[in-house]
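A.B. asks:
In UniProt numbering, the protein residues as written are 1 to 137.
1. Buried or exposed: residue 63, going by 16 or more other Cβ atoms within 10 Å of its Cβ?
2. Is DSSP giving residue 65 helix, strand or coil here?
3. Under 6 Å Cβ to Cβ from residue 135, same chain only, skipping five residues before and after it: list those, please.
4. Given that a residue counts as buried once 16 or more other Cβ atoms are within 10 Å of its Cβ, and exposed if not, what is residue 39?
5. Do residue 57 and residue 115 have their beta-carbon atoms positioned less than 9 Å apart in this structure?
6. By Cβ distance, which residues of its chain are closer than 6 Å to residue 95, with the 5 residues on each side in sequence left out?
7. Ends of the beta strand (DSSP E) at residue 44?
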C-alpha cells in the first residue's frame, strides 16, 4: 500500500470524521474585517471527538459580539457548517514565543483545560491568565 503525508498533525483538526486545515480556517477568520490575528486548535468534544476553538485577536475597538457571528458565518460559507468553531475566544494577543511563533500547544491546553506546563518560552506570559479567564468551561 501507499502512505501519503499531507502535513503535520498539528496543522489539522478532525471533526466528526472530517479533517480541516487549521491554516485554511485561520485564513478565513483573518479575512473577516475587524480581525487582526487568529489561531485555531482542536479541543476534546463528547459528540464529535474534536471541537474547533478559534482564538481571535480583534482590531482595536471591534465589537466582539458582532465579530463572533461574522467569524461563524465566514467559516460556514467557506468550509461548511461542521467547521463552525465551538468557541470563538477573543484575546488582546495570542501566546507567542520570543521568535514570534504562536504557541499552539498552549492554546490546545487552554481549550482542553489542561495543565499548561512550561511557559518560559513565551514572550508575553501575561496573556495566559487572560486566555484561561475567557475560555468557556
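Ideal placement from N, C-alpha and C gives every residue a C-beta, glycine not left out.
C.D. replies: In short:
1. By the 10 Å Cβ count, residue 63 comes out exposed.
2. In the structure shown, residue 65 falls within a helical segment according to DSSP collapsed to helix, strand and coil.
3. Excluding residues up to 5 positions away in sequence, 89 and 110 lie with their Cβ nearer than 6 Å to the Cβ of residue 135 in the same chain.
4. Classification for residue 39: buried.
5. The beta carbons of residue 115 and residue 57 sit no closer together than 9 Å.
6. Excluding positions up to five away in sequence, the list reads 103, 106, 122 and 127.
7. Where residue 44 is concerned, the enclosing beta strand (DSSP E) starts and stops at 35-45.
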